[in-house]
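Worksheet: the structure to be examined is printed underneath.
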Amino acid sequence: MKDERLADRVRQAMALDAAHTEALGDSRARQALLERIINSPAAAPRPRRRWALTIGVAVTTATAAVVALAIALNDLPHRPSGPGSPPRAESTSEPGSPSGTRRGDVFAGTSASQSCVESYSAQSLARRSFAFDGSVTGIGATNDGTNMFLPVTFKVHRWFRGGSAESVTVKLPNPTGGVGLEAAPFGVGSRLLVSGEPRFGGPPLTDPVAWACGFTRWHDAADAEFWQQSFN
Amino acid sequence: MRSARFERAYAAHYEPIFAYVLRRTDSVQDASDVVADVFLTAWRRVEDMPDGEEAILWLYGIARRVLANHARSRRRYDRLAARVLATGTTSTATEAPDPDGAVAAAFDRLRPEDQDILGLVAVEGLTPTEIARALGRPAVYVRVRLHRARTRFARELNAEGIEV
Chain A
0 MKDERLADRV
10 RQAMALDAAH
20 TEALGDSRAR
30 QALLERIINS
40 PAAAPRPRRR
50 WALTIGVAVT
60 TATAAVVALA
70 IALNDLPHRP
80 SGPGSPPRAE
90 STSEPGSPSG
100 TRRGDVFAGT
110 SASQSCVESY
120 SAQSLARRSF
130 AFDGSVTGIG
140 ATNDGTNMFL
150 PVTFKVHRWF
160 RGGSAESVTV
170 KLPNPTGGVG
180 LEAAPFGVGS
190 RLLVSGEPRF
200 GGPPLTDPVA
210 WACGFTRWHD
220 AADAEFWQQS
230 FN
Chain B
0 MRSARFERAY
10 AAHYEPIFAY
20 VLRRTDSVQD
30 ASDVVADVFL
40 TAWRRVEDMP
50 DGEEAILWLY
60 GIARRVLANH
70 ARSRRRYDRL
80 AARVLATGTT
90 STATEAPDPD
100 GAVAAAFDRL
110 RPEDQDILGL
120 VAVEGLTPTE
130 IARALGRPAV
140 YVRVRLHRAR
150 TRFARELNAE
160 GIEV
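Taken in sequence, the protein lines are chains A and B. All residue numbers for the first sequence refer to numbering that gives the first Met the number 0, where the first residue is 0 and numbers rise by one. All residue numbers for the second sequence refer to numbering that gives the first Met the number 0, where the first residue is 0 and numbers rise by one.
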């Protein structure tokens, strides 16, 4: 009963006003958005990739079960699953140390990783359109009007997929622009493993956005090797 | 084939997804931008979209991600008390009046994560198991988070002199 009373209070606090309710019933806007999406060449569906990592299905299942149990018991926000999972899942760092000693997910514990469309694994990593090992050389200001992303320029040490240039600028989730108030965890000189997608489809580096949720990681040799294997 | 599949999902789930986003954004324009991003993402990844009822859980997962990165989403709650007072509107007939905005004020003090999970249950009507599927998290994790969010909301309501 108490839960029901609380639910009533939640509905009360989240009630939509008249303008919002009217917007919900705007069938013209609804149809216009559908047509814009369907007819936009830049938003063409991305064909499903075939990936080579098909061995170890039984191991995958067992590993996923163990990882899920670990998450449940430890209340951890995110861990990868899948064959050949990287040796370290969550982000770790030593107090006061530079980025070189950090490991795992760059955005672990930030609002950028609050909800993950895909879980980090060898298979999901192998589906990313671009991936590289690079060091941050510059961080720009948000310039798309949404404050959602920071344009970050990298000197690329190694491309795993999607490019060949020595330098690339990619949008990284802006931790300060999301729900949380965290400071950007990376800075000039940070060496990261970065993977992601073109924001609205198309070639890999067309408005490229790095994914959080484990798909952008502090560089370390073990993860770099894992990425190399995943993209082979 | 892809187009037809997407259009079916769009027709079935546009309104609940839009309502979900509207409750978590400052303005109709903000919500429209977020919804466009959600369905653009869904269209691009239509091959990954599950069938049947699972589709909306998948869409909620995308919407949460887009919202989490949306700078203006957090300010929606700052204006909620004033809006409720000004319009006197409520979403269901079962809701008690909140003439002084105390309920909205208590809700506003919760962390966005708490507000979101409470809304997913109370407003969107999802079960913890469904939320777990939407978030890609274990159900036990969601239940723990929900319990903690309820406890914190009850405490904030009590601080406003509202017993639950």
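We treat Cβ as the ideally placed atom computed from N, Cα and C, and that holds for glycine.
Cα-Cα separation between residue i and residue j, rounded to whole angstroms
i        : j        : result
A:Val193 : A:Trp210 : 8 Å
B:Ala103 : B:Thr126 : 23 Å
A:Leu75  : B:Val45  : Confidence at A:Leu75 is low in this model, with a pLDDT of 32, below 50, so the placement of that residue is unreliable and no value is reported for it.
A:Leu23  : A:Glu224 : 49 Å
B:Arg136 : A:Ala107 : 15 Å
B:Ala153 : B:Glu162 : 8 Å
A:Arg190 : B:Ala3   : 43 Å
B:Glu155 : B:Leu109 : 8 Å
A:Ser123 : A:Thr215 : 13 Å
B:Val33  : B:Val20  : 7 Å
B:Ser31  : B:Phe17  : 8 Å
B:Glu164 : A:Gln30  : This structure gives no information on residue 164 of chain B, because the portion of chain B shown stretches from 0 to 163.
B:Arg75  : A:Ala125 : Confidence at B:Arg75 is low in this model, with a pLDDT of 44, below 50, so its placement is unreliable and no value can be given for it.
A:Ala61  : B:Ala41  : With a pLDDT of 37 at A:Ala61, under the threshold of 50, the predicted position of this residue should be treated as unreliable, and no value is reported.
A:Phe159 : B:Gly51  : 36 Å
B:Trp57  : B:Arg151 : 28 Å
A:Asp2   : B:Arg132 : 22 Å
A:Pro197 : A:Leu204 : 6 Å
A:Arg157 : B:Glu159 : 57 Å
B:Leu134 : B:Gly60  : 6 Å
B:Pro49  : B:Glu129 : 13 Å
B:Asp113 : B:Arg144 : 8 Å
B:Asp115 : A:Cys212 : 19 Å
B:Arg142 : A:Arg4   : 18 Å
A:Val9   : B:Gly124 : 12 Å
B:Thr35  : A:Leu32  : Rather than Thr, the amino acid found at residue 35 of chain B in this sequence is Ala. Rounded to the nearest angstrom, the two C-alpha atoms are 7 Å apart.
A:Val155 : A:Ser166 : 5 Å
B:Leu117 : B:Val37  : 21 Å
A:Asn38  : B:Phe5   : 13 Å
B:Arg7   : A:Glu34  : 13 Å
Contacts that residue i makes with chain A (C-beta to C-beta distance below 7 Å)
i        : result
B:Val102 : Arg8, Gln11 and Ala12
B:Val122 : Val9, Arg10 and Met13
B:Ala35  : Leu32
B:Gly160 : The premise fails here: B:Gly160 is roughly 13 Å from chain A at the closest Cβ pair, so nothing lies under 7 Å.
B:Leu156 : Arg8
B:Gly118 : Val9 and Met13
Beta-carbon neighbours of residue i, restricted to chain B and to distances below 8 Å
i        : result
A:Ile37  : Ser2, Phe5, Glu6 and Trp42
A:Ala22  : Phe17, Leu21, Val27, Ala30 and Ser31
A:Ser118 : Gly135
A:Leu192 : Within 8 Å Cβ-Cβ: nothing; A:Leu192 doesn't reach chain B, min ~20 Å.
CA nearest to the CA of residue i, picked from the options
i        : options                                  : result
A:Pro184 : A:Ala220, A:Glu3, A:Arg10 and A:Asp104   : A:Asp104
B:Val65  : A:Phe148, A:Arg35 and A:Arg10            : A:Phe148
A:Ala28  : B:Arg23, B:Ala41, B:Thr40 and B:Tyr9     : B:Tyr9
A:Val151 : A:Asn38, A:Ala14, A:Gly188 and A:Gln11   : A:Gly188
B:Arg149 : B:Val120, B:Phe38 and B:Arg1             : B:Val120
A:Ala128 : A:Ser26, A:Trp217, A:Gly186 and A:Gly161 : Checking the sequence shown, residue 128 of chain A turns out to be Ser, not Ala. Comparing Cα-Cα distances from A:Ser128 to each of A:Ser26, A:Trp217, A:Gly186 and A:Gly161, the minimum goes to A:Gly161.
A:Arg101 : A:Asp219, A:Val155, A:Arg4 and A:Asn231  : A:Asp219
B:Arg23  : B:Gly124, B:Ile130, B:Arg63 and B:Arg144 : B:Arg63
A:Ala14  : B:Tyr140, B:Phe106, B:Ala138 and B:Asp36 : B:Phe106
B:Ala101 : A:Ala140, A:Ala6, A:Gln11 and A:Ile36    : A:Gln11
Residue burial classification, residue i (beta-carbon count within 10 angstroms, cutoff 16)
i        : result
B:Glu53  : exposed
B:Asp99  : exposed
A:Ala164 : exposed
A:Gly133 : buried
A:Asn73  : In this prediction, A:Asn73 scores a pLDDT of 36, lower than 50, which makes its location untrustworthy; the coordinate-derived value is nonetheless stated afterwards. Burial call: exposed.
B:Val122 : buried
A:Pro172 : buried
A:Lys170 : buried
A:Gln227 : exposed
A:Pro79  : Interpretation of A:Pro79 is limited by its pLDDT of 38, a score under 50 that renders its predicted location unreliable; no figure is taken from the coordinates.
B:His146 : exposed
A:Glu117 : buried
A:Ala207 : Sequence check: residue 207 of chain A is Pro here, not Ala. Buried is the call here.
A:Ala130 : buried
A:Gly179 : Low confidence applies to A:Gly179: its pLDDT is 35, below 50, so where it sits in the model is not reliable enough to give any reading.
B:Pro111 : buried
B:Arg43  : buried
A:Gly195 : buried
A:Ala140 : exposed
Interface partners of residue i on chain B, CB under 7 Å
i      : result
A:Lys1 : Val163
A:Leu5 : Arg149, Phe152, Ala153 and Val163
Interface partners of residue i on chain A, CB under 9 Å
i       : result
B:Glu14 : Leu23, Gly24 and Arg29
Legend entry - Contact the segment 10-25 of chain A vs the segment 18-27 of chain B: 3+ CB pairs below 8 Å: yes
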